[in-house]
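Engineer:
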Amino acid sequence: MMHVIRVDIKPASNVLEHMILDESAEPMNLPLALLQHVTEDFAENRQIGRGGFGVVYRGDLQNGSVAVKRLLNSHTIEEEPFNREAISLISVKHKNVVRFLGYCANTENKAMLHAEPGKALKYVFVEIRERLLCFEYINNGSLDKYLTDELRGLEWHTRYQIIRGICDGLVYLHKEKGIVHRDMKPANILLDHRMIPKITDFGISKFLNGATHAVASNRIGSL
Numbered sequence: 000m001m002h003v004i005r006v007d008i009k010p011a012s013n014v015l016e017h018m019i020l021d022e023s024a025e026p027m028n029l030p031l032a033l034l035q036h037v038t039e040d041f042a043e044n045r046q047i048g049r050g051g052f053g054v055v056y057r058g059d060l061q062n063g064s065v066a067v068k069r070l071l072n073s074h075t076i077e078e079e080p081f082n083r084e085a086i087s088l089i090s091v092k093h094k095n096v097v098r099f100l101g102y103c104a105n106t107e108n109k110a111m112l113h114a115e116p117g118k119a120l121k122y123v124f125v126e127i128r129e130r131l132l133c134f135e136y137i138n139n140g141s142l143d144k145y146l147t148d149e150l151r152g153l154e155w156h157t158r159y160q161i162i163r164g165i166c167d168g169l170v171y172l173h174k175e176k177g178i179v180h181r182d183m184k185p186a187n188i189l190l191d192h193r194m195i196p197k198i199t200d201f202g203i204s205k206f207l208n209g210a211t212h213a214v215a216s217n218r219i220g221s222l
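According to numbering that gives the first Met the number 0, the sequence shown holds residues 0 to 222 in order.
1) Does A85 pass the burial test, meaning 16 or more other C-beta atoms within 10 Å, or should it be called exposed?
2) Shortest alpha-carbon distance to R158 belongs to which of R193, R128, H74?
3) I want to check one thing, is the minimum distance from the CB of E25 to the heavy atoms of the ligand HEM below 6 Å?
4) Quick check: the stretch 25 to 39 against the stretch 85 to 104, are there 3 or more CB pairs under 8 Å?
5) By DSSP, does R181 sit in helix, in strand, or in coil?
6) I'd like the span of the alpha helix (DSSP H) that includes K118, first residue to last.
7) What beta strand (DSSP E) runs, 3 residues minimum, are completely inside the stretch 70 to 156?
8) Assign D167 to one of three DSSP states: helix, strand, or coil.
9) To the nearest angstrom, how far is it from the Cα of F124 to the Cα of L172?
10) Taking just the CA atoms, how far does L153 sit from P10?
11) In terms of alpha-carbon separation, which member of L112, L146, I127 lies closest to K121?
12) Beta strand (DSSP E) containing K197: first to last residue?
13) How many angstroms separate the CA atom of I288 from the CA atom of G63?
14) Can you list, in chain order, the residues of its chain with a C-beta nearer than 7 Å to that of G164? Leave out the 5 residues immediately preceding and following it.
15) Between the beta-carbon of T106 and the beta-carbon of E78, is there less than 7 Å?
16) Quick one: Cα of L169 to Cα of V97, how far?
17) Kindly say whether I86, judged by its beta-carbon, lies nearer than 7 Å to any beta-carbon of chain B.
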């Protein structure tokens, strides 16, 4: 008989709720069970974005929401390098960069039925990996949605604020953190309720494209 092990997610849920309210709180390693719970087990109706690196889900807690990025091809991403890279994101703090809340590198061996031609079904252990990143939830969509006739309705100071914010965020990543964003595009610029731009998806391409590190001013960061 297979037994289901239930994980108490309440302590981690309380910490994540606190982090939403306290911008000085440090990102943490989040249990997979919590991210499954807040996204209703990665339900399709929770999807808020999809790209080459993964699928983004909205996760709801009692006092707010988070964005959970479930990386594609997780089976190719080893736990140790993923953890190192996720930890390097913890120090990234800027008003024009999406706030990083936590990460999850979960690897499990599960017994699954395996069928071979001409043979009886048998149980085999299969390694299942999940690699996820958790960020603040930005509720005003991405910049690409405004690069239409709708943009013409924005006042000049708002347009300037968006342009200036993107530049400030990129300078911070490049000059202070040594991180070069290799996938800059309007879809990777999110806008909050005050139309302040926030850069996202920096560093993630390294996991999937086998990129090397970039060095800027003697600081090492992800491409």
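Cβ atoms here follow ideal geometry from the backbone N, Cα and C, with glycine treated the same way.
This structure is a prediction, so every number in the text was calculated from the model and none was measured.
Structural biologist: The structure says:
1) Buried is the call here.
2) Relative to the Cα of R158, the nearest Cα in the group R193, R128, H74 belongs to R193.
3) This structure does not include the ligand HEM; it has no bound ligands of any sort.
4) Touching, yes, given that three or more Cβ pairs across the two stretches are closer than 8 Å.
5) Of the three classes helix, strand and coil, the one that applies to R181 here is coil, per DSSP.
6) Taken as a continuous stretch (DSSP letters only), K118 belongs to no alpha helix (DSSP H), as it is neither H nor E.
7) Entirely contained in the stretch 70 to 156, the beta strand (DSSP E) runs reaching 3 residues are, in chain order, 99 to 113, 121 to 135.
8) DSSP places D167 in helix when its eight states are reduced to three.
9) Taking C-alpha positions only, F124 is separated from L172 by approximately 42 Å.
10) One Cα belongs to P10, the other to L153, and the distance between them is close to 43 Å.
11) Among L112, L146, I127, the Cα nearest to that of K121 is on L112.
12) Segment 196 to 198, the beta strand (DSSP E) holding K197.
13) Residue 288 is absent from the structure shown; the chain starts at 0 and stops at 222.
14) For G164, where only same-chain residues beyond five positions count, the Cβ hits under 7 Å are N95, I195, P196.
15) Yes. Within cutoff.
16) The alpha-carbon separation between L169 and V97 amounts to approximately 12 Å.
17) Judged by its chain identifiers, the structure shown contains no chain B, having just a single protein chain.
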